[in-house]
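As numbered in the working numbering, residues 593 to 803 make up the sequence shown, in order.
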Amino acid sequence: MNNVLDNILGRMEESQKNNRRLLIVIDGKCGSGKTTLSERLGERYGCNVFHIDDFYLPIVMQTPEVMKEPGGNINYDRFIAEIMAPLTSDSTVVYRPFLCMEQEYAPGVSLKRTGVNVIEGTYSCHPVLREIYAKLTGWEVITLFMDIDDRNQRDRVRGRVGQLRFKLFEDKWIPREREYFSAYSVREYCDYSISGMDDSILFLREYGNEA
């Protein structure tokens with residue numbers, strides 16, 4: 593098991609055992625395995641998983657002024673109101689994921705309080721959200737950056753979205769996320785960094801609670 597993952601799993605188990613509140617925030621490159629890891633953690637520990645991708649700005653709101661800002665393509669106000677506010681007040685979280693391809697909102701999702709929660713996605717460590725994390729009272733917060741080399745990133749993203757849409761990622765979204773990482777020193781901000789090529793991520797599901 594990867595030492596970083598082993599540490600995080602141990603803290604998750606301790607938090608659940610002692611009924612403490614823990615927030616794990618997973619940022620990093622597209623194609624690095626952020627969603628895969630968060631889903632493994634959700635399956636293993638029954639924790640809530642929130643995806644930043646569900647809060648992309650609709651195209652009609654992506655004004656030139658907004659999109660000039662690193663990470664400006666996320667609706668942080670909606671994420672704070674619909675996820676962070678109820679989460680930190682121990683209320684049921686109710687929100688509607690935004691579907692980028694369809695440019696419409698999905699039916700509402702309702703999630704009851706859990707002691708351990710995961711937020712994943714590029715832009716989840718944006719300074720606007722860092723301020724929220726820093727002010728949490730009674731919570732432990734762990735931030736993780738997931739990395740991947742350029743070749744494997746291209747292969748993974750191309751395999752996921754297809755060659756036609758990959759061009760958009762290559763020309764727009766990958767450069768935008770790199771700008772965000774650099775502008776806000778995201779890797780340096782995070783408590784830990786791991787490679788998305790680490791097989792331990794896949795082992796979490798294969799071995800269940802014995803991982």
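Built from N, CA and C at the ideal position, the CB exists for glycine as well.
If you look at S785, you'll find it isn't in any alpha helix (DSSP H); it sits in the beta strand (DSSP E) that goes 784 to 787. Counting every other CB atom within 10 Å of its CB across the protein chains shown gives P656 a total below 16, marking it as exposed. Below 8 Å, too few C-beta pairs join the region 718 to 725 and the region 696 to 704 to call them touching: fewer than three. Distance from I600 to I734 at the Cβ level is roughly 6 Å; contact confirmed, criterion being Cβ atoms closer than 8 Å. About 7 Å separates the Cβ atoms of Y776 and P662, confirming a contact at the 8 Å cut-off. H643 is bridged by DSSP to E712.
Between N640 and T706, the C-beta gap is smaller than 8 Å, which places the two residues in contact.
Here the region 612 to 626 makes contact with the region 747 to 754; the two share three or more CB pairs at distances below 8 Å. Counting other Cβ atoms within 10 Å of its Cβ, T714 reaches 16 or more and is therefore classed as buried.
Between the alpha carbons of T684 and D790 lies a distance of about 34 Å. Under DSSP, the beta-bridge partners assigned to Y648 are I666. About 5 Å separates the beta carbon of S607 from that of V708, a gap short enough to meet the 8 Å contact definition. If only complete runs of 4 or more residues are kept, the region 674 to 757 shows the alpha helix (DSSP H) at 677 to 680, 719 to 726, in order along the chain. Counting along the chain, I766 sits inside no beta strand (DSSP E); it lies in the alpha helix (DSSP H) bounded by residues 766 to 775. Within a 10 Å sphere around the beta-carbon of D598 sit fewer than 16 other beta-carbons, which makes this residue exposed. Ranked by Cα distance from S774, the first of E605, R688, P719 is P719.
Secondary structure at D619: strand, using DSSP grouped into helix, strand and coil. Under DSSP, L614 takes part in a beta bridge, and its partners are V708, E732. For L614, the closest of L629, T627, E631, Y637 by C-alpha to C-alpha distance is Y637.
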